[in-house]
Structures are given as C-alpha cells and as structure tokens.
Amino acid sequence: MLKRKKESLEKGGLQLRKSSNEDQKTLAEIMDGYSKLLIDDPVMPFREENLQEIARNVDYGVLEALDGTWVSYNANYNKNIGQPSLAGGIHTTIMPSPGTNSGTIPGKFSFDCEEYIEKLTFSLVPGGVRNRGGASELFCGAVKYEQTIKSVNKEAGNPDLQYASIHEENGMYLWLSDVYNHAATKESIEKDRGIHAFSKNDFKKYGYDGKYRDEPLVQVKDENGNPSYILLSDLKEGQEYFEIIPAQELKPGDGVKGPYFIPDYSISRSGVIPHGSTITLLGDIAPSGDHYLINGSPKFPYGDDAWQTDHLSISKTMGGAGHETINLDEPAPAWVHQTLDDDNDEGSNKIYTQRILANDLYPYSVRPDLRLRDTLSGQNVSNYVFVKMSSKMKTGAQGGILNVPFVNRFVPTVEVDFCLWIETIIEDGKEILQLQYEQIVFFEFDFGNDGGTTSWPHIQVNTLRKLKDIPEDQRKVIEDQFFNCKENNADDTGEAGNAAGRCPYHKG
1 MLKRKKESLE
11 KGGLQLRKSS
21 NEDQKTLAEI
31 MDGYSKLLID
41 DPVMPFREEN
51 LQEIARNVDY
61 GVLEALDGTW
71 VSYNANYNKN
81 IGQPSLAGGI
91 HTTIMPSPGT
101 NSGTIPGKFS
111 FDCEEYIEKL
121 TFSLVPGGVR
131 NRGGASELFC
141 GAVKYEQTIK
151 SVNKEAGNPD
161 LQYASIHEEN
171 GMYLWLSDVY
181 NHAATKESIE
191 KDRGIHAFSK
201 NDFKKYGYDG
211 KYRDEPLVQV
221 KDENGNPSYI
231 LLSDLKEGQE
241 YFEIIPAQEL
251 KPGDGVKGPY
261 FIPDYSISRS
271 GVIPHGSTIT
281 LLGDIAPSGD
291 HYLINGSPKF
301 PYGDDAWQTD
311 HLSISKTMGG
321 AGHETINLDE
331 PAPAWVHQTL
341 DDDNDEGSNK
351 IYTQRILAND
361 LYPYSVRPDL
371 RLRDTLSGQN
381 VSNYVFVKMS
391 SKMKTGAQGG
401 ILNVPFVNRF
411 VPTVEVDFCL
421 WIETIIEDGK
431 EILQLQYEQI
441 VFFEFDFGND
451 GGTTSWPHIQ
461 VNTLRKLKDI
471 PEDQRKVIED
481 QFFNCKENNA
491 DDTGEAGNAA
501 GRCPYHKG
C-alpha cells in the first residue's frame, strides 16, 4: 500500500492533505509525495468531529488522473506494417468451434481477432468510502467506470467501415488509502453496548462482584493452593496466575494499541461483464526502483525478444506456443501457409498457431501489445505510471471471479490480468495524458482430446485519449458512434426529452 505525505491541519491536530481546486493536475503533481506505507509509520486517529473534513479531502491516488471520458486513439506510426490500422484497439478471442462439446467432438476452437474503438468514462465518487473494521477504519477513494466497445471491420466491396457493439462493462476502482485508528470512547461504549452494572455470571463462576468488567480476570492461589479470581490490574508484579478469563466489554482507549492494518495492495477494481462474470482485481503501482513516476517511455521488446508466452494469444497448453521463437517484427514464417497432416502436425494443435500467425492483423494477432509499442514509437513520452492488477495473486490477499452457470459450464473465466500505463505525452508544445492498457482474460475449456483442460488467453489492448486530444477525423467517428443519440432523444410521449440527461456528450 502507498501513503502520501500529508499536510497538517489545525483542526484537532488531524493530518490531511489540502483539497485542490485545480481542474486538471499533471501526472507529476498527482504522484508527488507518495511512498510505501510501513508498519512504523504514524497512524492517524479517527475522531467523529473530523468526519466531514476527511470526506472532503479523500485521496484518490493515481486514480485521480483517470477522471473524465477517454476514447480510442489510432496512430499508424510503424512503417513496417503494410496496411494502416482501422482502430486503436485490438482483441483476440478464442471460442469453442460450432458443433463441439466435451461429450462428443472436443478440442476444436475458433479464433477471432478484430480492431475496435472504445469509450471509457471514469467518475470520481465524492467523499471517502468508509470501511469500518472496529479499531481500524479504511477510507477509500472510489472511481466509477463505464466502458463501451465497438468492433471495426472492412467488408469487401463496401467502402464504409462496419461498426458493431461487442462489449459493455461497468464497475468501480478503489484507492485503498487513509487507514485510521478508531479507539473506543466512553460515548461509543454507552451508545453501542450500554452498561451492565453487575454480572450474575461473573459472580457465580468467579466470585467477581464489581461493576462492568472491562478487563480480564486471572486465577491466583494462596499458600494453601486455594484458587480465587482477581482483576488483571490487581495482579502484583511477579505474582503467578493459572487461568485467564478474557474481558468481553470495552473500556475507553481500547484499540489504540492496534493491531494496525496495512492493506496488501493500493488499488482494487470490481467489474460486471455482460457475458455473466463479475471480477475483482487487486494491484498496485509498479515502481522503477524507488520511483512510482517513471521518466521516459514504457519499454516493449523487439525482434526475438518479443516472443514471450505471457503476452501471446497462443495457448501455453496447446497450439505450439513457445516451441520455437518467431521474430514478430519480420513476416510470418513460410510454414504458416503449409498444408498440415499427421507428419508435420502431430496432435493436430499446430493449426491454431497457423491461424493466429496467418491472420490479417499479424503481428498484433500474435502479440497484441505490440500495437501499444508501435503507437509509442512515434511519441514523445515525458513520464508514466505503471499499474499492475490481477484476480489471482501469487501470495496474500486475492481477487476473484464469479461466473453464471452457462459460462461456468462451457467456458469458465478463471483469471484476469490487467496492466495500465498512464502517460504524459509532449505534443505540439503541451502536455496531454494518454492511457494504454493490456488486459488478458484466461478461459478454460474442458475440451482436450485426452480429457484435459485447455487454457486460452483473451487479450485486449488499446490506446486512449481525451476527445479533445485526438485528430478531427477520429473525433468525428467517435462522436457518431458513441455520442450521437438523436434517435433516442424522445420521451414516452413522443416529445423531445432532456438530451443532456439521456446521453451526456462527454465528461472531462
């Protein structure tokens, strides 16, 4: 978890950062003062009278940079690619081939790779989201998101591009920050527990006839071995005791000694996918050394080094991924167009590697994030923040995925890995923000010829900018596809409705 250097306010000695009235901060301003939270760092005490001040000064961390509406940005910088791209986004998807099922003809798959455009809106939720854990309280900065994606294809004989809606998603990011210690007070005890002046049970079992026992009893023995019970505070230094009866009531100040909670991660993402899956991802900003704001441009590999199975659309469990290195910055090898038989494709899996390498969108059909690399190759990137998230962590706290029965039966989604680059671009003498992401969703198919399970990656990558920061021709396409709602601008009476309320033009 990350912490931010906070400025002291006079009120109650509480330490909070000052709120800013700036419309747009630079990435450097947003990331200023962050460092890793350690167990010996000061913990802020929570006081009810400061609740509104805490809410007004909620920390969104790097998520503050996301606020607004982002749209696809298409840049054809790579001169080695023979045909210009139709859109900034690329997805690869594997599906069971029609007619197959695990009981009759298994192990046949359909591969699809398309370009897409996207609208992604983030909205900061006002006030801190308060999670109460007794002695520990966590105030989160919440950011809602809504995502709409349309595929872009070109049909033979038709000069117009074809757009089709293929994905909708909404959810919430949380910046897991601002942990407070909330100790018990006389007022909180009386409000929540009341005061039991005398416990018949304590008197009957232990002979304790005092009022409201808010500390443990311990059993001691006299010189003859006769037992009795006294309060822990009455135990003499060095006196031996034989039983401990825990206190079940609070006293003012309880909780101030901890334990203190430090979240494993700084960021969570919860999303609802219309195919029938809900996801929770956990993650953090990945530093370079001690720096969370990294100077320069993100680094992507070239040539043979780009053949990294963690980023390939070819399954590690079949299809030949990793069997030989292929230079993705050169044309696909000749065997991609070879007719396969039992001699050159033992096990009948090589065909999937063929299909992926022979796709019109090669090399992006093989490694989609090369599209991100090639977009950056023509840009002046000043700095960036790199966020890594996953539903399945190697250790510690875990995210998760829930699927509806149909998805769980045929193509269960088992893992989601997400990388986000938030970048400062210098263009035409000014700084603009740009987002790039790679999302890899793993599907499992109980389809193997040997009864085994096959795992296939479904990969999405895209480059996004604010609407004002993309070229005019691209802006017109985005407006037509995502913001033109004239056909829906009438209420049930047939009269024109509130266009702004029904279809906001854009946010941010």
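Read left to right, the sequence shown gives residues 1 to 508 (full-length UniProt numbering). For every residue, glycine included, the Cβ atom is placed at its ideal position computed from N, Cα and C. Given the structure is predicted, the values throughout are model-derived calculations rather than measurements.
Through-space distance from residue j to residue i, alpha-carbon basis
{"i": "residue 96", "j": "residue 174", "result": "35 Å"}
{"i": "residue 113", "j": "residue 150", "result": "13 Å"}
{"i": "residue 307", "j": "residue 326", "result": "6 Å"}
{"i": "residue 473", "j": "residue 419", "result": "29 Å"}
{"i": "residue 57", "j": "residue 258", "result": "25 Å"}
{"i": "residue 363", "j": "residue 459", "result": "14 Å"}
{"i": "residue 139", "j": "residue 232", "result": "35 Å"}
{"i": "residue 21", "j": "residue 475", "result": "Its pLDDT being 40, under 50, residue 21 is placed unreliably by the model, and the measurement read from it follows with that caveat. Computed Cα separation, rounded: 29 Å."}
{"i": "residue 60", "j": "residue 143", "result": "8 Å"}
{"i": "residue 202", "j": "residue 210", "result": "9 Å"}
{"i": "residue 528", "j": "residue 111", "result": "This structure gives no information on residue 528, because the portion of the chain shown stretches from 1 to 508."}
{"i": "residue 228", "j": "residue 197", "result": "21 Å"}
{"i": "residue 465", "j": "residue 190", "result": "54 Å"}
{"i": "residue 496", "j": "residue 67", "result": "The pLDDT assigned to residue 496 is 40, lower than 50, so where the model puts this residue is not dependable, and the model offers no usable value."}
{"i": "residue 183", "j": "residue 261", "result": "14 Å"}
Residue j beta carbon less than 8 Å from that of residue i
{"i": "residue 92", "j": "residue 313", "result": "yes"}
{"i": "residue 249", "j": "residue 192", "result": "no"}
{"i": "residue 30", "j": "residue 55", "result": "no"}
{"i": "residue 271", "j": "residue 389", "result": "no"}
{"i": "residue 351", "j": "residue 365", "result": "no"}
{"i": "residue 387", "j": "residue 27", "result": "no"}
{"i": "residue 176", "j": "residue 1", "result": "yes"}
{"i": "residue 411", "j": "residue 401", "result": "no"}
{"i": "residue 46", "j": "residue 137", "result": "yes"}
{"i": "residue 41", "j": "residue 3", "result": "yes"}
{"i": "residue 455", "j": "residue 315", "result": "yes"}
{"i": "residue 71", "j": "residue 118", "result": "yes"}
Endpoints, the beta strand (DSSP E) within which residue i is located
{"i": "residue 373", "result": "Where residue 373 is concerned, there is no enclosing beta strand (DSSP E), although the alpha helix (DSSP H) it sits in stretches over 370-376."}
{"i": "residue 339", "result": "Careful: residue 339 lies outside any beta strand (DSSP E) and carries neither H nor E."}
{"i": "residue 431", "result": "430-445"}
{"i": "residue 164", "result": "161-181"}
{"i": "residue 384", "result": "381-390"}
{"i": "residue 457", "result": "454-466"}
{"i": "residue 147", "result": "136-154"}
{"i": "residue 89", "result": "89-96"}
{"i": "residue 415", "result": "413-427"}
Span of the alpha helix (DSSP H), counted from its first residue to its last, around residue i
{"i": "residue 188", "result": "186-192"}
{"i": "residue 474", "result": "472-478"}
{"i": "residue 53", "result": "51-56"}
{"i": "residue 405", "result": "405-410"}
{"i": "residue 355", "result": "350-357"}
{"i": "residue 29", "result": "27-31"}
{"i": "residue 204", "result": "200-206"}
Of the residues the options, the one placed nearest residue i, counting alpha carbons only
{"i": "residue 217", "options": "197, 189 and 246", "result": "246"}
{"i": "residue 443", "options": "179, 275, 434 and 127", "result": "275"}
{"i": "residue 255", "options": "135, 361, 285 and 266", "result": "135"}
{"i": "residue 392", "options": "94, 265 and 383", "result": "265"}
{"i": "residue 375", "options": "342, 354, 423 and 417", "result": "423"}
{"i": "residue 440", "options": "414, 223 and 289", "result": "414"}
{"i": "residue 304", "options": "367, 353 and 170", "result": "367"}
{"i": "residue 311", "options": "252, 349, 270 and 372", "result": "372"}
{"i": "residue 116", "options": "219, 285, 34 and 90", "result": "90"}
{"i": "residue 238", "options": "36, 162, 390 and 220", "result": "220"}
{"i": "residue 186", "options": "212, 342 and 236", "result": "212"}
{"i": "residue 403", "options": "340, 108, 277 and 268", "result": "277"}
Test: residue i CB closer than 8 Å to a CB of chain D
{"i": "residue 282", "result": "Among the protein chains of the structure shown there is no chain D, as only one such chain exists."}
Taking 8 Å as the threshold, find out whether the stretch 119-133 comes into contact with the stretch 391-409 through three or more Cβ pairs.
As far as the Cβ criterion goes, the stretch 119-133 does not touch the stretch 391-409, which means the pair count is below three.
Does the stretch 430-438 come close enough to the stretch 465-485 that 3 or more CB-CB pairs lie under 8 Å?
yes
I'd like to know if the stretch 373-381 and the stretch 287-304 are in contact, where contact means that at least 3 CB-CB pairs between them fall below 8 Å.
yes
Determine, using beta-carbon pairs with one atom in the stretch 166-186 and one in the stretch 138-157, whether at least three such pairs fall under 8 Å.
yes
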